[in-house]
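The structure under discussion appears below in the form of structure tokens.
Residue numbers (the numbering used here): 840 to 953.
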């Protein structure tokens, strides 16, 4: 599900980015181990491979996919519910993106406080 609304006076570019939030965390059935290579539409950096055995690389992958996904399919292919819940407190997402996910999934916000 995309976050779409019409531009209003005073809106900033950051407030208009159409972040995608899944309908349910249970849809996130992506990998939990191994090396994941992201397509250019999600990661245009020179190294778009992430080893999920590395905490730092897993965090990088989740930050990138959540902030750059343009479809729910991007999220379901690369993210895993259990990994997301475990990593959520460590992710550094754009403020509005994190707010949209926290609004849809209060259990993520609760995990950050806990």
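Glycine included, each C-beta is placed from N, C-alpha and C at the ideal position.
Since the structure is predicted, the reported quantities are computational estimates derived from the model, not experimental observations.
- residue 890 - DSSP class collapsed to helix/strand/coil: In this structure, residue 890 counts as strand in the three-state DSSP scheme.
- Take residue 877 as the anchor and find which of 867, 910, 934 and 917 has the nearest alpha-carbon. For residue 877, the nearest C-alpha among the options comes from 917.
- Round the Cβ separation of residue 927 and residue 950 to the nearest angstrom and send it over; I've been treating them as touching at under 8 Å. Approximately 6 Å separates the beta-carbon atoms of residue 927 and residue 950; this is inside 8 Å, confirming the contact.
- Sorted by chain position, which residues of the same chain lie with C-beta nearer than 6 Å to residue 913's C-beta, five sequence neighbours on each side aside? Here the set comprises nothing.
- Message: Going by DSSP in three states, residue 860 sits in which element: helix, strand or coil?
- Response: In this structure, residue 860 counts as coil in the three-state DSSP scheme.
- Run of the alpha helix (DSSP H) containing residue 910, from where it starts to where it stops: Element bounds for residue 910: n/a, residue is neither H nor E.
- Give the range of the alpha helix (DSSP H) segment to which residue 940 is assigned. Per DSSP, residue 940 belongs to the alpha helix (DSSP H) from 934 to 943.
- Following the continuous alpha helix (DSSP H) through residue 923, name the residue where it begins and the one where it ends. Here the alpha helix (DSSP H) through residue 923 covers 920 to 926.
- Message: Quick check: the segment 905 to 912 against the segment 931 to 941, are at least 3 beta-carbon pairs closer than 8 Å?
- Response: Result yes; three or more Cβ-Cβ pairs closer than 8 Å.
- Just mark residue 883 as buried or exposed, buried being the case when its beta carbon has 16 or more other beta carbons within 10 Å. Answer is exposed; the Cβ neighbour count stays below 16.
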